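Sequential numbering from 125 applies to the sequence shown in the numbering used here.
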Amino acid sequence: MISAWSAKGGAGTTVVTVGLAAALADRSGDDVLLVDLAGDLPATMGLAEPSTGLTDWMVAGPDVTLDALARLEVPTPIRKVQLLPLGGGLGWSPERMGALVGLLAADRRILVVDAGMLSRLEGDRVGLGEAVTARADVSLLVTRACYLALRRAMKLGRRPDGVVVVRENGRALDGGDVQRLLDAPVVARVDIDPAVARLVDSGLLASRPPRGLTRPLRRVA
């Protein structure tokens, strides 16, 4: 299970997650499950918004069986990649959240989780993204080489296993600065590409994942 997360909004975590899932499915030939904890994957992939998702399973209570979660998965245009959408449920119990995390950790497929923006840990207040990331085999911070984003990442007190740097022109900082400041290896550098934005806006990102997105992420895969 690979959890991709950010410390600041707009880093590109969702697009990177789609690219990573496509690279994994292509390289390994194994089944991949995309887990949406941020809520933007269906729109990013040009899919209809599912009416139910994993949070609805969580609030349904213990009478809803464990295998019901698998029935919420939807196919994606990427070969061998399924999507488990977020849903709109609210107010789940800690026990139900623990059950979800346990099921994801036990899944035999490759899991790529869009954990969204994580917050600073304070006491026992742990959100869904934090709980899943804590159980993931690989924790990936997605960030731009932006002083504000890196400052916030440093304040979180989380050391990722690797960093995916989304590169944009004009930044004073580079991947070496990111690696030094966060004390974590930069495992991929993805350039900002207007073609990717056009594919997202037209709902075609999953149908035609560009090589400029998937190629740098093959190293992570």
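Note that CB positions come from ideal geometry on N, CA and C, so glycine has one too. Remember, predicted model here, so these are calculated numbers, not experimental data.
Problem set entry | Three-state class that DSSP yields for Met-169 in the structure shown | coil
Exercise. Is it right to say Thr-141 is buried, meaning 16 or more other beta carbons lie within 10 angstroms of its own, or is it exposed?
Worked result: buried
Exercise. Cβ of Ala-277 within 8 Å of Cβ of Gly-299?
Worked result: No, the Cβ-Cβ distance between Ala-277 and Gly-299 is not below 8 Å.
Exercise. Between the C-alpha atoms of Leu-234 and Thr-179, what's the straight-line distance to the nearest angstrom?
Worked result: Inspection of the sequence shows that residue 234 is occupied by Ile rather than by Leu. So the alpha carbons of these two residues sit roughly 21 Å apart.
Exercise. How would you label Gly-153, buried or exposed, when you count the other beta carbons within 10 angstroms and need 16 or more for buried?
Worked result: The residue is exposed, with fewer than 16 neighbouring Cβ atoms inside 10 Å.
Exercise. From this set, Arg-259, Trp-129, Arg-151, Leu-242, which residue's C-alpha is nearest Gly-422's C-alpha?
Worked result: Since the first and last residues shown for the chain are 125 and 345, residue 422 lies out of range.
For this session: Take the Cβ of Glu-353 as the centre, count every other Cβ of all protein chains shown within 10 Å, and call the residue buried at 16 or more, exposed below.
Result: Any property of residue 353 remains undetermined from this structure, which presents the chain solely from 125 to 345.
Exercise. Which of the three DSSP states, helix, strand or coil, is assigned to Met-182?
Worked result: helix
For this session: Return helix, strand or coil for Gly-240, following the three-state DSSP convention.
Result: In the structure shown, Gly-240 falls within a strand segment according to DSSP collapsed to helix, strand and coil.
For this session: Out of Leu-328, Tyr-271, Leu-224, point me to the one whose CA is closest to Ala-296's CA.
Result: Tyr-271
Problem set entry | C-beta contact flag for Met-169 and Thr-200 at 8 Å | Between Met-169 and Thr-200, the C-beta spacing is below 8 Å.
Exercise. If you drop the 5 nearest sequence neighbours on each side, which residues of the same chain put their C-beta closer than 7 Å to that of Gly-143?
Worked result: Pro-333, Leu-337, Thr-338, Leu-341
For this session: Go ahead and pull the three-state DSSP assignment for Arg-196.
Result: First, the residue type needs correcting, since residue 196 is Leu and not Arg in the sequence shown. Helix at Leu-196.
For this session: Buried or exposed for Leu-161, please, with buried defined as at least 16 other CB atoms from any protein chain shown within 10 angstroms of its CB.
Result: buried
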